[in-house]
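Residue numbers (our numbering): 154 to 435.
From the three backbone atoms N, C-alpha and C, an ideal C-beta is built for every residue, glycine too.
Only a predicted model underlies this, so the values are computations on that prediction, with no experimental measurement involved.
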Amino acid sequence: MNLFKDILRGVVIGIANAIPGVSGGTMMVSMGIYDKLIYSVTHLFKQPVKSIKTLLPYFIGMAIGIVGLAFAIVAMFEHIPFQTCMLFIGLILGGVPILTGHLKGVRFNLSHAVVFLIFFGSIILLQIFGGHGSDVALTVTPISLFKLVLVGIVAAATMVIPGVSGSMMLMTMGYYYPVIGSVKDFITAMVAFDAPKIIHICMILIPFGIGVVVGIFAVAKLIEMLMDKYEALTYCGIMGLVVASPVVILMSAPLAGMSVVTVLTGVVTFVIGVVIALCLGK
């Protein structure tokens with residue numbers, strides 16, 4: 154049962170990472186597994202068996218979410234955007250009680266408030282001034298492959314940090330649709346047993362994957378160090394990122410001209426999101 158629940162959690166994280174504007178890191182926090190995953194990543198070489206046993210179900214779920222269910226969520230954003238936004242807001246806010254549990258007994262002062270506001274405001278400003286870059290053409294050249302490694306590092310770093318959307322960062326840099334397109338083309342080539350195309354796409358995706366791995370390890374280690382030395386301040390910063398996430402999602406949602414039915418169904422999907430978050434956070 155726990156294995157199945159961990160895979161479902163991974164599916165939620167994978168979908169969140171694949172959707173621009175939604176943060177996989179926030180979903181980890183909301184489901185109460187952020188600390189565990191960070192610890193497993195940073196101790197992968199010290200405790201390989203334990204870490205792999207912990208991480209594997211989540212990676213399986215993330216693969217399912219990114220490759221499969223994410224496309225369904227993209228369609229939902231196209232046809233019922235407000236309801237889909239409310240679903241993710243419910244998923245985020247449903248996990249806030251788990252996050253506040255880490256701050257029990259803390260004597261708050263001005264520094265805690267400042268850290269919260271800085272991280273809250275940074276996510277709002279990123280949404281306002283982020284912009285979208287034009288899509289780049291993925292080619293198999295040394296410079297292009299080196300760029301893909303760097304892009305993978307940035308994408309992974311933003312995927313791990315709560316409140317920051319890795320896919321939105323990819324979109325800003327112009328790599329979101331090219332990378333997603335390469336993943337789709339890879340699946341199509343695998344089904345068709347098109348070996349030359351598989352090799353060509355792997356030469357593009359492997360450097361990106363290497364960057365993702367490097368980025369995850371680097372940021373996970375940094376976050377672990379901050380939690381060890383400045384636990385309360387770190388969680389205040391994370392709280393600012395998490396609380397800002399629903400605001401950011403609503404900023405990108407089509408709110409003008411909504412009907413009563415749209416609002417009511419949005420409330421329903423919000424409640425569904427909260428319930429899912431509470432169930433997966435247990």
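Closest Cα partner of residue i within the set the options
{"i": "Thr294", "options": "Pro360, Gly368, Gln236", "result": "Pro360"}
{"i": "Val249", "options": "Thr179, Leu209, Thr418", "result": "Thr179"}
{"i": "Gly214", "options": "Gly334, Glu231, Arg162", "result": "Arg162"}
{"i": "His255", "options": "Ala397, Leu433, Ala385, Ile205", "result": "Ala385"}
{"i": "Val336", "options": "Gly221, Ala266, Met411, Ser193", "result": "Gly221"}
{"i": "Pro407", "options": "Ile233, Ser183, Phe157, Ile306", "result": "Ile233"}
Three-state secondary structure (DSSP) of residue i
{"i": "Phe261", "result": "coil"}
{"i": "His196", "result": "coil"}
{"i": "Phe346", "result": "coil"}
{"i": "Pro407", "result": "coil"}
{"i": "Ala290", "result": "coil"}
{"i": "Ile277", "result": "helix"}
{"i": "Met184", "result": "coil"}
{"i": "Tyr328", "result": "coil"}
Close Cβ partners of residue i (< 6 Å) along its chain, the five nearest in sequence each way excluded
{"i": "Gln280", "result": "Val401, Met404"}
{"i": "Met356", "result": "Val293"}
{"i": "Thr415", "result": "Phe235"}
Range of the contiguous alpha helix (DSSP H) that encloses residue i
{"i": "Pro399", "result": "384 to 404"}
{"i": "Thr415", "result": "413 to 433"}
{"i": "Gly221", "result": "Counting along the chain, Gly221 falls outside any alpha helix (DSSP H), and DSSP gives it neither H nor E."}
{"i": "Ser130", "result": "Residue 130 cannot be examined here, being either before or after the span of the chain that is shown, 154 to 435."}
{"i": "Leu161", "result": "155 to 171"}
{"i": "Val249", "result": "249 to 253"}
{"i": "Pro315", "result": "Neither: Pro315 is in no alpha helix (DSSP H) and is coded neither H nor E."}
Neighbourhood of residue i by C-beta, 7 Å cutoff - its chain only, sequence neighbours within 5 removed
{"i": "Tyr328", "result": "Val289, Val304"}
{"i": "Lys374", "result": "Thr195"}
{"i": "Ile369", "result": "Val194, Ala309, Val313"}
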